[in-house]
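For the numbering used here, count along the sequence shown from 1 and bump the result up by 9.
For each residue, glycine too, the CB sits at the ideal point set by N, CA and C.
Okay, so here's the structure we're looking at.
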Amino acid sequence: MKFAGVEVARIGMGTNRLANTPKNITFIKSAVAAGLQVIDTAHLYTGGQSEETIGAALSPAPDSVLVATKGGFNGASPAVIRSEIDESLRRLRAKSIGLYYLHRVDSSVPLETSLAAIKEYVDRGVIRHIGVSQVTVDQIERARKVVPIAAVQQWYSLSERKHDAEVDYCTSEGIPFVPFYPLHGAEGRALEELARSKGATPHQVALAWLLKRSPVMLPIPGTLSLAHLEQNLAAQQIELTDKEFDSLR
């Protein structure tokens, strides 16, 4: 699928536990070699070590790999946004960021004001695409009046579906929907039985369910294991019938 200007596989990887160690630098390099194309991080992850690790492993990142980061989780005033973008660029050792999300809406700062600060970097060619995270349909529509929105990120999984409205909106508008914690609650007899019948793991079937849920879905399960990453990527090959999909729904 086309994601923030890059043709990518439909399963990426979250890095909220990625510490800056030689082992993890090697892991990121190996993950990309194994076919990983979307790496999701944030200014706050592991106190900045997540971005630092990715920068150490990939600078400069290959054109086929999209590194997405986020800012504004603990405040999204223009001053905070600018500071966090500048710091993310240094940590990632990058001249530009392919996709930058507003991590969450600041209740004390209008959404439009936060996005306008990110747009300054788009206008300078430092950020290529903008996304929004933890937002409602109304907030997505407000955001789109300020800047084109390249992706929406939200907590969504087989067992956590309170954001169906946002999934459906993004599907109808052709906006990539990026569920975090996509394997949360991936358990139960029906899932396990279907996984056995497919010769797959329950986590693989849970990811396959998300991919069938919407053509704009791009899950980002987190892992620090190359074996688990390869299993996650292999879930793209699992085809669920409508009946199988509905049996889990």
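Could you work out which residue in Thr-24, Leu-227, Val-118, Phe-12 is closest to Leu-75 when comparing CA atoms only?
Phe-12
Option in Arg-99, Tyr-109, Pro-224, Ile-229 with minimal Cα separation from Thr-24:
Ile-229
Keeping to the same chain, check which residues put their C-beta closer than 6 Å to that of Ser-59; ignore five residues upstream and five downstream.
Thr-24, Leu-27, Thr-50
Alpha-carbon spacing of Arg-258 relative to Ala-199, whole angstroms
10 Å
Is it buried or exposed for Lys-104, if we count other Cβ within 10 angstroms and need 16 for buried?
exposed
Mapping DSSP to helix, strand and coil, what is Gln-162?
strand
Is it the case that the region 180–199 contacts the region 131–139, given that we only count it when at least three CB pairs across the two stretches are under 8 Å?
no
Candidates Leu-101, Tyr-110, Asp-95, Ala-85, of which the one nearest Val-118 by Cα:
Ala-85
Helix, strand or coil for Glu-44? Go by DSSP, reduced to three states.
In the sequence as displayed, the identity of residue 44 is Gly instead of Glu. Coil, per DSSP.
Between which residues of its own chain and Asp-255 is the CB-CB distance below 7 Å, once the five residues before and five after are set aside?
none
What would DSSP say about Ser-105, mapped onto helix, strand or coil?
coil
How about Ile-48 and Met-22: do their beta carbons lie closer than 8 Å?
yes
Run the CB neighbour count on Ser-206, radius 10 Å, all protein chains shown included, and call it buried at 16 or more, exposed below.
exposed
Supposed contact pair Ser-97 and Thr-78 - C-beta distance, whole angstroms, cut 8 Å:
5 Å
So for Leu-75, helix, strand or coil by DSSP?
strand
Where do the N-terminal and C-terminal ends of the beta strand (DSSP E) with Val-141 fall, by residue?
136–142
Just verifying my parser: in three-state terms, what is the DSSP assignment at Glu-248?
coil
Per the DSSP calculation, Gly-21 is bridged to which residue(s)?
DSSP lists no partner for Gly-21.
For Pro-230, the first and last residue of its enclosing beta strand (DSSP E):
From DSSP, Pro-230 is part of no beta strand (DSSP E); its letter is neither H nor E.
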